[in-house]
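In this text, residue positions in the sequence shown follow the numbering used here: the first is 284, and each later residue adds one.
Positions of the beta carbon are idealized from the N, C-alpha and C atoms, including for glycine.
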Amino acid sequence: MALQMNSIARLNAEDFHKIGEDMYRMIVELYPICRSITGNGFRQTMRRIQESIPISIQEIPSGTDVFDWTIPKEWNIQDAYVKGPSGKKVIDFQQHNLHIMQYSVPVRLKMPLQELKHHLYSLPDHPEWIPYRTSYYKENWGFCLSQKQLDSLEEGEYEVVIDASLEDGHLTYGEYRIQGESDEEVLLSCHCCHPSLCNDNLSGIALTSRLAEILRGLSLRYSYRFLFIPGAIGSITWLSKNEEVASRIKHGLVVTGVGDLGIFHYKKSRRGDAEIDRVVQYVLKHSGKSYHVRDFSPYGYDERQYCSPGFNLPVGSLTKSQHGSYPQYHTSADNLEFVSAEALAESFRVYLEVIHTLEGNRYYINLNPKCEVRLGKRGLYRTVGGELDQPLNELATLWVLNLSDGGYSLLDIAEKANIPFRVIHEVTEKLLSHGLLMEQNR
Ligand code: ZN
C-alpha cells in the first residue's frame, strides 16, 4: 500500500541532510555536461534523470510551429578553440563549456585580434569569471572568457575553430506524471537548458527529480506533473501540445535557483491570490526563514508562459536568491562552490511543506456545531497530538471545530488562527478519527 502524505511530515533533520547530499551529488554529475535548448547534452541530462525517475523523453522536430514560435534547429558541439599567434590555444572549450557562446555556428577562420574582439565577451567587473552567452535565434558565433584572459591576448593573427553543427533535428524535453486520486494536477517545472551553471538550474533539476522520487511512493490527492524542459521554448512547446492538460493544472511552481545561501523569494502567479500563492506565503511565514514575496511580472523564467493571458495558470516561482540579483548569476562563478547540500535541503523542505499543505487543504463540517464539543469526554482534552505543543494543539482544535462550517478551508483556519498548517492539519485528522468532522466535497 502506498504511504500516506503524512509519512513525509515525519522526515527528520538527518533525513533532510541526506536528501541535500543526494541532490548535490546529482549536480556534481550533471555539471560537466554542455547543455543547450536542444542537442545531445540536453538528452544526456534527461537520461541521467531517468536513472532516478522514469520520465518520458519527447522529441519535437525543428521547424514545428508552436504558437508564435518555431522549434529551432538542433545545436551540437564537439570542440571549439582559439589559437594565438604562437600557435597555442588561448581559449579552449574543453577547459570550460561556458567558453563557447551557445548556438555558435561552425567556423574555421583566421583573423587579427582586433577583428576577433568583436566576437569575445567578458565581464570587466569580475575579471576572473567567464560569462554565459547565447544566440539562439540569430546566427552568430562567439567566445566567452575572463577579462584577465582577454587582457593577456597579444596582437597578431588568431585561428578560430568551432566544430559544431546547427541542423534540422529535434527539441527534447522530459515529462513525468504521477496519478493521484484526482485528475487535477500540480505542475513542477524546471528549465534544463543551461550548461555548467549550478544554481541556475542544476539545483532546480536536482530538487524536482528528488521531489518526484519521494512523491511517487505516496498516496496522493492530486496528480503531479514534472516538466524538464528548455527554458521558454520548452514551456511554449509543452503548452502548445497540451492545452487540454493545462486546463487541469490547479497549482504550479517553476523550480529554479534553489541551491544558494540567499533568502527565499516567492514570485506570485499572475492571479496573485491563487491557492498556491497563499500556501507558499503561509509556509514561508511559518518556516522561521527570511523571505521576500513579490508580485508577478512578465519577466523571469517559464512562469512567463504559464501565466500568459491565454493560460493564466496558477503558477508561481519559489527560489532562493532571485535570478539576476546576485553577481554570480549566468557566470562561471555559479559553480559547485556556489551551491550547497545544506541550502538544497532547506529548499527541499519548504517545497515538501508546500505540497503537504496543498494536499491537506480541504473543507470540513463540524458534526456537533451547537455549542462547544466536550473534548474531555472523548479524551481529546490535553491529549491531542502528543508530540506537538499542547496548548497550541488545544487552540488549534477549537479553531478547527469553530470554523468548520464548510465555508473555511484548513488554510483559511490556519491563517485566521496564525497557527502552522501542520498543527491545524494534525488536529483535524484527530477530530476526523473521533467522528467529529466530515469532509465537505466541493
Ligand atoms: Zn538562466
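What span of residues does the beta strand (DSSP E) with residue i cover, start to end?
i, result
"Trp-358", "357-366"
"Asp-375", "372-375"
"Ile-512", "506-512"
"Arg-577", "574-577"
Just to check my reading of the structure: residue i and residue j have Cβ atoms closer than 8 Å, yes? What is that Cβ distance to the nearest angstrom?
i, j, result
"Ser-591", "Asp-451", "So it is not a contact: roughly 28 Å between Cβ atoms."
"Tyr-459", "Pro-368", "Actually they are not in contact, since the Cβ atoms of Tyr-459 and Pro-368 sit about 52 Å apart, beyond 8 Å."
"Leu-396", "Gly-439", "6 Å"
"Glu-496", "Ser-335", "5 Å"
For residue i, name the three-state secondary structure that DSSP assigns.
i, result
"His-639", "helix"
"Tyr-441", "strand"
"Tyr-415", "coil"
"Asp-348", "strand"
"Met-329", "helix"
"Val-667", "For Val-667, the predicted structure reports a pLDDT of 49, less than 50, and the residue's modelled location is therefore unreliable. A value from the coordinates is still provided. Looking at Val-667 - three-state DSSP - the assignment turns out to be coil, as it is neither helix nor strand."
"Ala-447", "strand"
"His-797", "No answer is possible for residue 797: it lies beyond the span of the chain, which begins at 284 and ends at 725."
"Thr-455", "strand"
"His-379", "coil"
"Thr-491", "helix"
"Cys-481", "helix"
"Val-528", "helix"
"Lys-699", "helix"
"Asn-724", "coil"
"Gln-341", "strand"
"Val-656", "coil"
"Val-633", "helix"
"Leu-392", "strand"
"Ser-429", "coil"
"Arg-587", "helix"
"Arg-318", "coil"
Determine the extent of the alpha helix (DSSP H) in which residue i is found, giving its start and end residues.
i, result
"Ala-616", "Here Ala-616 belongs to no alpha helix (DSSP H), and DSSP marks it neither H nor E."
"Glu-422", "Note, Glu-422: premise wrong, no alpha helix (DSSP H); not H, not E."
"Met-288", "That residue, Met-288, is in no alpha helix (DSSP H); it is neither H nor E in DSSP."
"Asn-676", "673-686"
"Met-727", "Past the boundaries of the shown model lies residue 727; the chain is included only from 284 to 725, so the question cannot be answered."
"Val-563", "558-568"
"Leu-522", "516-524"
"Leu-715", "704-716"
"Leu-601", "Careful: Leu-601 lies outside any alpha helix (DSSP H), inside the beta strand (DSSP E) at 598-602."
"Tyr-646", "Counting along the chain, Tyr-646 falls outside any alpha helix (DSSP H), though it belongs to the beta strand (DSSP E) covering 646-649."
What separation, rounded to the nearest whole angstrom, lies between the Cα atoms of residue i and residue j?
i, j, result
"Ser-687", "Thr-640", "17 Å"
"Glu-636", "Asn-644", "12 Å"
"Leu-544", "Lys-603", "7 Å"
"Tyr-646", "Asn-724", "7 Å"
"Asn-595", "His-300", "36 Å"
"Arg-553", "Gly-517", "20 Å"
"Ala-296", "Glu-629", "10 Å"
"Glu-411", "Gln-378", "14 Å"
"Thr-328", "Leu-494", "17 Å"
"Ser-600", "Pro-513", "16 Å"
"Gly-583", "Tyr-307", "24 Å"
"Ile-728", "Asn-289", "The chain is shown from 284 up to 725; residue 728 falls before or after that span and cannot be answered."
"Ala-292", "Arg-661", "26 Å"
"Val-667", "Ser-716", "For Val-667, the pLDDT reaches just 49, beneath the cut-off of 50, and the residue's location in the model is therefore unreliable, although a value from the coordinates is still provided. Distance between the alpha carbons of Val-667 and Ser-716 is about 12 Å."
"Asn-676", "Arg-504", "25 Å"
"Ile-332", "Ser-492", "7 Å"
"Val-311", "Asp-408", "28 Å"
"Glu-468", "Val-444", "48 Å"
"Phe-547", "Ser-608", "13 Å"
"Trp-682", "Ile-702", "10 Å"
"Leu-650", "Val-710", "15 Å"
"Pro-581", "Lys-393", "42 Å"
"Asn-525", "Gly-689", "34 Å"
"Val-382", "Tyr-415", "According to the sequence shown, residue 382 is His rather than Val. Approximately 8 Å, taken between the alpha carbons."
"Leu-684", "Val-562", "21 Å"
"Lys-653", "Val-706", "24 Å"
"Gly-303", "Leu-536", "20 Å"
"Ala-624", "Gly-542", "7 Å"
"His-708", "Ala-679", "9 Å"
Can you tell which of the options has its C-alpha closest to the C-alpha of residue i?
i, options, result
"Tyr-549", "Gln-588, Val-633, Ser-623 and Pro-513", "Val-633"
"Phe-579", "Asp-560, Lys-372 and Ile-648", "Asp-560"
"Asn-380", "Ser-319, Glu-398, Ile-702 and Asn-685", "Ser-319"
"Trp-358", "Pro-389, Glu-334 and Ile-374", "Pro-389"
"Pro-478", "Gly-322, Arg-705 and Lys-372", "Gly-322"
"Asp-348", "Ser-335, Gly-370, Ser-448 and Ile-519", "Ile-519"
"Tyr-664", "Leu-714, Gly-690 and Ile-696", "Leu-714"
"Tyr-314", "Tyr-415, Leu-480, Asn-423 and Val-528", "Leu-480"
"Gly-324", "Lys-371, Lys-431, Ile-302 and Thr-455", "Thr-455"
"Met-721", "Ala-679, Ile-648, Ile-532 and Asp-556", "Ile-648"
"Asn-508", "Ser-523, Ser-502 and Arg-531", "The sequence given here places Arg at residue 508; Asn does not occur at that position. Measuring from the Cα of Arg-508, the nearest candidate turns out to be Arg-531."
Taking 8 Å as the cut-off, is the CB of residue i close to at least one heavy atom of the ligand NAP?
i, result
"Asn-380", "Here the bound small molecules are the ligand ZN; the ligand NAP is not part of this structure."
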